[in-house]
Amino acid sequence: MNKYLLISALCVGASLVSSAQAYDGQVNFKGTILDTACTVDINSKNLDVNLGRVAKTVFTSVGDVSTAMPFSLKLTGCPAAVTTDGAKIRFEGTTVAGKTDVLDLASGSVATGVGVQIKDNAGQKIVFGSDSSKYPLSEGANSLDFTAYYISTNTAIVSGSANAVANFTVVYP
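Per mature numbering (1 follows the signal peptide of the UniProt record, and there is no 0): the sequence shown = residues -22 to -1, 1 to 151.
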């Protein structure tokens, strides 16, 4: 009998201790569920940007660049709900070691000593893995403009094919 009283007393005491815990803070989760978003135009989903044939003599020191080539990501069917806050683009890909704004050449490329850099429509360098500056959106079709070019990452340049790959995501802030 004493065992049962002791066990009962311990259970009651344990339940009182657990209810005496206090919260240290609170986390509020907020967001918006969009009815729909823009659609990436079929011609922008697997876009080829031709950076041209560039003489390696263009690159005499680290940081030298080739001629910038414009390209656009086309969005269609943008609803009014996303036009208020616009959109950002997040490019992702393998970057040159220590340079988050220079895309490394893809395996299979013969050239070395260069990478690819992208700038947004305001001339700001894209940091891979981060959101671009905001692009305003209109209802319907939109064109998000960028430029890309080769940039030397080494003083020793080896000529040959110089291809790079970046994936992108449309981000609605």
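From the three backbone atoms N, C-alpha and C, an ideal C-beta is built for every residue, glycine too. Bear in mind the structure is a predicted one, so any value in this text is a computation, not a measurement.
Outcome for residue i when other beta-carbon atoms lying within 10 angstroms are tallied against a minimum of 16
{"i": "residue 181", "result": "Outside the displayed span of the chain (-22 to 151) sits residue 181, for which this structure offers no information."}
{"i": "I129", "result": "buried"}
{"i": "F106", "result": "buried"}
{"i": "F146", "result": "buried"}
{"i": "D2", "result": "exposed"}
{"i": "N120", "result": "buried"}
{"i": "V5", "result": "exposed"}
{"i": "A65", "result": "buried"}
{"i": "F7", "result": "exposed"}
{"i": "A75", "result": "exposed"}
{"i": "V148", "result": "buried"}
{"i": "L(-18)", "result": "Here the model assigns L(-18) a pLDDT of 47, short of 50, so the residue's position is not dependable, and the following value carries that caveat. By the neighbour-count rule (16 or more Cβ atoms within 10 Å), L(-18) is not buried but exposed."}
Nearest neighbour of residue i, chosen from the options [CA to CA]
{"i": "T62", "options": "L115, N24, V148, V149", "result": "L115"}
{"i": "D19", "options": "I104, A84, A33, L122", "result": "L122"}
{"i": "R68", "options": "I104, V88, L83, G41", "result": "I104"}
{"i": "V60", "options": "T14, S108, G138, A126", "result": "T14"}
{"i": "A33", "options": "V148, F124, S137, P151", "result": "S137"}
{"i": "T73", "options": "Y150, V148, A142, G118", "result": "A142"}
{"i": "A58", "options": "V149, C16, Y113", "result": "C16"}
{"i": "K23", "options": "A84, L83, T54, D98", "result": "T54"}
{"i": "D98", "options": "G41, A126, V43", "result": "A126"}
Cutoff 8 angstroms; reference residue i; Cβ partners in own chain excluding five residues on either side
{"i": "K77", "result": "G93, T131"}
{"i": "G41", "result": "I129, S130"}
Whole-Å CB distance - residue i paired with residue j, under 8 angstroms assumed
{"i": "G91", "j": "L81", "result": "G91 to L81, Cβ: 14 angstroms. No contact."}
{"i": "C56", "j": "G118", "result": "6 angstroms"}
{"i": "A100", "j": "S111", "result": "6 angstroms"}
Cut-off 7 angstroms between Cβ atoms - residues of its own chain near residue i, not counting five sequence neighbours on either side
{"i": "N21", "result": "K52"}
{"i": "residue 164", "result": "What the structure shows of the chain is the stretch from -22 to 151, and residue 164 is not part of that stretch, so it cannot be assessed."}
Cut-off 6 angstroms between Cβ atoms - residues of its own chain near residue i, not counting five sequence neighbours on either side
{"i": "V88", "result": "G138, S139"}
{"i": "G86", "result": "none"}
{"i": "A(-1)", "result": "none"}
{"i": "A144", "result": "F69, G71, L81"}
At least three beta-carbon pairs within less than 8 angstroms, the segment 31 to 42 to the segment 121 to 141: yes
Stretch pair the segment 45 to 61 + the segment 19 to 33: three plus CB contacts closer than 8 angstroms: yes
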